[in-house]
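Numbering (our numbering), first residue to last: 406 to 730. Even for Gly, the Cβ is constructed at its ideal location relative to N, Cα and C. Please read these numbers as outputs of a predicted model, since none were measured by experiment.
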């Protein structure tokens, strides 16, 4: 296996997908010779040509509308939205067209070959237009899949699975980890299952759930709790839609406690959906209220970014409160 960072793993996944399937086409703002704003598409244009890797105008609604058309004609369209904060102009195309194409045509047509990649989240001092985590907006829309990797191994395996999935997929890439997360990655072709969570660490006293860039923070909090004698089970959800209810519920049946953490604001965040489902399924097994440690209900700040983001100490405080309830 090769050692690489998350950006290199994503680039390799795109390379494998384009090499193995001539229907795979990558496009977006500056993804051609420039290689994308973070260089995730580096060298793909020179290897596969301008017909399969090219720039688009700065119009997100147009990018996804074009991607819907390509996918409807049988291509594997891989569209890049430069920052997740800019996905909102394409919101109508995604939730009203991509998600409903198969349903409204009675399965005569679909855009199952569509994958939308986009960097998301804070931690790079990007301010309020380059730091948001909009996954919960799309989790509300049947017909989509929403996937978030936490490391290079996941990024390659989950992206290849997303490109080949028979449903439209939103692939949120934690840009804070693009170069900060590195590890061993198989150089060949492999996929990881969508919709399945991963138990990163087994424990007995409390269940901790997160995804993407929040996972290293969650693992740090678990280590701090372990020093106080609290055994934490750590779960990476990996897919927000569909999400692995059974994995989380089975863990809570064992531990009786649950803390969920994400970067997005508290109100309407996906932790609320998890809380409601687990409360219904595990009510008689819960030893304390389910806790959420999230971003704040404000626009994402610039100078107060560290105060806004959930960190290991905030999560540790929630763990202590849950265990001592």
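{"Check": "Three-state secondary structure assigned by DSSP to residue 525", "Outcome": "strand"}
{"Check": "Whole-number beta carbon distance between residue 721 and residue 713, since they are thought to touch under 8 Å", "Outcome": "The Cβ separation is near 18 Å, so there is no contact."}
{"Check": "Delimiting residues of the beta strand (DSSP E) encompassing residue 409", "Outcome": "407-410"}
{"Check": "Rounded separation between residue 597 and residue 582 - CA only", "Outcome": "19 Å"}
{"Check": "Contact the segment 525-545 vs the segment 482-494: 3+ CB pairs below 8 Å", "Outcome": "yes"}
{"Check": "Beta-carbon gap between residue 441 and residue 454 smaller than 8 Å", "Outcome": "no"}
{"Check": "Close Cβ partners of residue 504 (< 8 Å) along its chain, the five nearest in sequence each way excluded", "Outcome": "546, 547, 548, 549, 573"}
{"Check": "Alpha helix (DSSP H) runs wholly inside the segment 473-513, at least 4 long, in chain order", "Outcome": "506-509"}
{"Check": "Three-state class that DSSP yields for residue 564 in the structure shown", "Outcome": "helix"}
{"Check": "Collapsed DSSP secondary structure at residue 691 in the structure displayed", "Outcome": "coil"}
{"Check": "Burial state of residue 423 (16 or more Cβ within 10 Å)", "Outcome": "buried"}
{"Check": "Whole-angstrom distance between residue 695 and residue 743, CA atom to CA atom", "Outcome": "In the structure as shown, the chain starts at 406 and stops at 730, and residue 743 therefore has no counterpart that could be examined."}
{"Check": "N-terminal and C-terminal residue of the alpha helix (DSSP H) that residue 430 is part of", "Outcome": "From DSSP, residue 430 is part of no alpha helix (DSSP H) but of the beta strand (DSSP E) over 429-433."}
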